[in-house]
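Scroll down for the structure; my scribbles are underneath it.
Residue numbers (my numbering): 839 to 1093.
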């Protein structure tokens, strides 16, 4: 007597496929959340290392803050192209800083390792992280910490004549000295670096704009519309747009 070959029925196959599909639907969001958490952890680690590098740079330059940009021909630039803040600081992590399009790989992974940033090798002025230029947004003037118009200026090299008016520090003479870290009020509440699609994390002198991703607007990464930031005192945190705006514009009121 022949034995009948056992096989799955169509109904059984459909049930198995449905169960597998259900498991995938349950697991995918969890995997996505785990991936986003890993990306955030890596970004925050990079930013904390940047905080140490800022400290080393200040220690070697009489507490001066690194310039966001030193253009070709300006004092302190040994290259034939713009010398960007992350290039200058890269020397303190791997001893190398050449970031022309053909040698981009020499820049330290601390500054180019943002997992949410897909950059072209030819984008030598972008790395996935930006530097805040308006570092003195809240300043003690006439006994009040809330005269924000006084210091909406961008921090810039003395040779920089591109910015003028509200973008230059009021009352500062030509060839003014570098700003110092000790000049920055509320260091534990003021951001200095963060996720960015450009060289800087900045807005116009009239206020913060999260709506348009222009050349100097901050980018909001995929981790729940939040971005990662480094504070002047060296710690890093993930902030939603509202908290980031407060840390940028009015750090004296931040929690």
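Glycine residues also receive a C-beta, built at the ideal position from the N, C-alpha and C atoms.
Being a predicted model, the structure only gives us computed values, none of them experimental.
Option in the options with minimal Cα separation from residue i
i	options	result
residue 953	991, 1031, 879 and 893	879
residue 1086	1024, 901, 1036 and 1035	1024
residue 922	1077, 1090 and 1036	1036
residue 894	915, 933, 876 and 1090	933
residue 970	1040, 909, 897 and 951	1040
residue 997	857, 851 and 913	913
residue 1028	926, 852, 1083 and 1079	1083
residue 1015	1090, 949 and 900	900
residue 1034	995, 924 and 874	924
residue 931	916, 949, 871 and 860	949
residue 915	865, 1093, 995 and 1080	995
residue 1026	1093, 854 and 873	1093
residue 946	860, 896 and 887	887
Own chain residues within Cβ distance below 8 Å of residue i, not counting five before or after
i	result
residue 1075	882, 1066, 1067 and 1069
residue 920	907, 908, 909, 910 and 963
residue 876	953
residue 1045	The pLDDT assigned to residue 1045 is 48, lower than 50, so where the model puts this residue is not dependable; a value taken from the coordinates is nonetheless given after this. Once the five neighbours on either side are set aside, the close Cβ partners of residue 1045 are 1087.
residue 853	none
residue 918	910
residue 872	none
Contact belief for residue i with residue j at Cβ below 8 Å, rounded distance in angstroms
i	j	result
residue 906	residue 993	6 Å
residue 1031	residue 968	7 Å
residue 903	residue 1038	Rounded, the Cβ-Cβ distance is 14 Å, inconsistent with contact.
residue 1022	residue 973	6 Å
Opposing strand residues paired with residue i [DSSP bridges]
i	result
residue 1076	1066
residue 1029	1069
residue 967	1033
residue 1038	969
residue 902	1018
Same chain, Cβ closer than 6 Å to residue i, neighbours up to 5 away in sequence not counted
i	result
residue 1017	903 and 993
residue 951	884
residue 889	1068 and 1072
residue 1078	1064
residue 863	none
residue 896	1019
Cβ shell of residue i (< 7 Å), same chain only, five flanking positions each side left out
i	result
residue 1091	1084
residue 955	966
residue 984	The predicted model places residue 984 with a pLDDT of 43, which falls under 50 and marks its position as unreliable; any figure quoted below should be read in that light. Taken in chain order, the list of residues that qualify is empty.
residue 982	Below a pLDDT of 50, predicted positions are generally treated as unreliable, and residue 982, at 44, falls in that range; no measurement from the model is reported.
- Task: Just list the alpha helix (DSSP H) runs in the segment 904-935, keeping only unbroken ones of 4 residues or longer that don't cross its boundaries, in chain order.
- Result: 923-932
| message | In chain order, what are the residue ranges of uninterrupted alpha helix (DSSP H) at least 4 long that sit wholly in the segment 865-901? | response | none
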